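Below, the structure is given as structure tokens:
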């Protein structure tokens with residue numbers, strides 16, 4: 069590809085495409101330093117702001133990395149963390165058998181507002197209630213790869229917050245709650261930019277792409293018992309899908 073100044077496509081976008089093509093052709097290999105801003109300006113007769121914008125976007129997308137005092141490099145392909153047999157309730161709180169594998173949980177009680185109450189409405193009248201917000205991080209070998217958050221109605225599990233903070237077992241927490249335990253889960257997987265809090269927790273650059281698994285769990289009673297959101301580092305995880313027997 070060559071830079072076409074008569075093209076309706078912005079110059080910085082053309083430069084992004086050109087750099088990606090060079091990486092794909094292995095002109096710039098993983099871990100290798102790419103030419104400096106000034107060198108690219110001279111080579112392609114582009115302004116520094118144009119080059120800077122193209123590089124900044126490639127950094128935010130995880131294709132390039134900037135090492136302070138050294139320059140800009142092609143990102144190394146990391147060893148990925150495999151999430152086997154991905155399911156809609158993979159990161160849901162109420163489906164966990166135990167909490168031993170999780171680090172510290174952050175628990176708070178939220179007052180229900182119109183928007184929050186609407187999320188828990190499945191065609192019936194909106195229920196006014198408070199919610200337990202439970203969040204935690206998933207990590208492997210010290211590397212945080214997922215930030216998880218679950219919302220659970222207080223009226224279904226009044227003691228969930230204190231029970232979790234006291235370290236009670238999930239088996240005891242869910243005892244005698246048969247009608248409120250998940251029976252059906254609907255989820256969707258999509259890509260979006262990381263939000264500021266997520267970028268900080270997951271150690272990502274600003275606006276880096278993340279995978280989001282958003283799930284809604286319905287109890288045996290027919291009411292929504294949990295809304296689960298897991299934000300995953302797209303550059304660190306690989307998702308295993310198994311449809312069972314064909």
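In our numbering, the protein residues as written are 69 to 314. Yeah, the Cβ is synthetic: ideal placement off N, Cα and C, and Gly gets one too. This one's a predicted model, so the numbers in the text were calculated from it and none came from an experiment.
If we count the other Cβ atoms within 10 Å of its Cβ and call it buried at 16 or more, is residue i buried or exposed?
i           : result
residue 243 : exposed
residue 299 : buried
residue 232 : buried
residue 303 : buried
residue 247 : exposed
residue 157 : buried
residue 206 : buried
residue 276 : buried
residue 226 : exposed
residue 118 : buried
residue 101 : exposed
residue 259 : exposed
residue 162 : buried
residue 290 : exposed
residue 180 : buried
residue 270 : buried
residue 283 : buried
residue 239 : exposed
residue 135 : exposed
residue 268 : exposed
residue 309 : exposed
residue 285 : buried
residue 314 : Low per-residue confidence applies at residue 314: pLDDT is 45, beneath 50, and the placement is therefore not dependable, though the value from the model is reported in the following sentence. Residue 314 should be labelled exposed.
residue 126 : buried
residue 69  : exposed
residue 301 : buried
Determine which residues share a DSSP beta bridge with residue i and list them.
i           : result
residue 201 : 176, 219
residue 255 : 283
residue 101 : 141
residue 295 : 219, 284
residue 207 : 212
residue 306 : 150
residue 300 : 214, 279
residue 260 : 278
residue 250 : 287
Below 8 angstroms on the Cβ atoms is my contact criterion, and I expect residue i with residue j to pass it. Report the Cβ-Cβ distance as a whole number of Å.
i           : j           : result
residue 107 : residue 83  : The pair is not a contact, with the Cβ atoms about 13 angstroms apart (cut-off 8 angstroms).
residue 287 : residue 251 : 6 angstroms
residue 253 : residue 160 : 7 angstroms
residue 198 : residue 167 : Not confirmed; about 22 angstroms, so no contact.
residue 228 : residue 255 : Residue 228 to residue 255, Cβ: 21 angstroms. No contact.
residue 131 : residue 182 : That pair is no contact at about 41 angstroms.
residue 273 : residue 128 : 5 angstroms
residue 279 : residue 249 : Actually they do not touch by this definition, with Cβ atoms about 27 angstroms apart.
residue 176 : residue 155 : Their Cβ separation, rounded to whole angstroms, is 27 angstroms, which puts residue 176 and residue 155 out of contact at 8 angstroms.
residue 213 : residue 305 : 6 angstroms
residue 184 : residue 204 : At roughly 20 angstroms, the Cβ-Cβ gap does not stay under 8 angstroms, so residue 184 and residue 204 are not in contact.
residue 79  : residue 71  : 7 angstroms
residue 215 : residue 145 : Going by Cβ atoms, the distance from residue 215 to residue 145 rounds to 23 angstroms, so no, they are not a contact pair.
(message) I'd like to know if the stretch 126-145 and the stretch 87-100 are in contact, where contact means that at least 3 CB-CB pairs between them fall below 8 angstroms.
(response) The answer is yes - the stretch 87-100 touches the stretch 126-145, with three or more Cβ pairs under 8 angstroms.
(message) Threshold first: 3 residues or longer. Then list the beta strand (DSSP E) segments lying entirely within the stretch 118-194, N to C.
(response) Entirely contained in the stretch 118-194, the beta strand (DSSP E) runs reaching 3 residues are, in chain order, 132-135, 139-142, 149-151, 174-178.
(message) Quick check: the stretch 151-164 against the stretch 111-122, are at least 3 beta-carbon pairs closer than 8 angstroms?
(response) The stretch 111-122 is not in contact with the stretch 151-164.
(message) With three or more beta-carbon pairs closer than 8 angstroms as the criterion, would you say the stretch 217-232 touches the stretch 290-297?
(response) When Cβ pairs closer than 8 angstroms are counted between the two stretches, the stretch 217-232 is seen to touch the stretch 290-297, the count reaching three or more.
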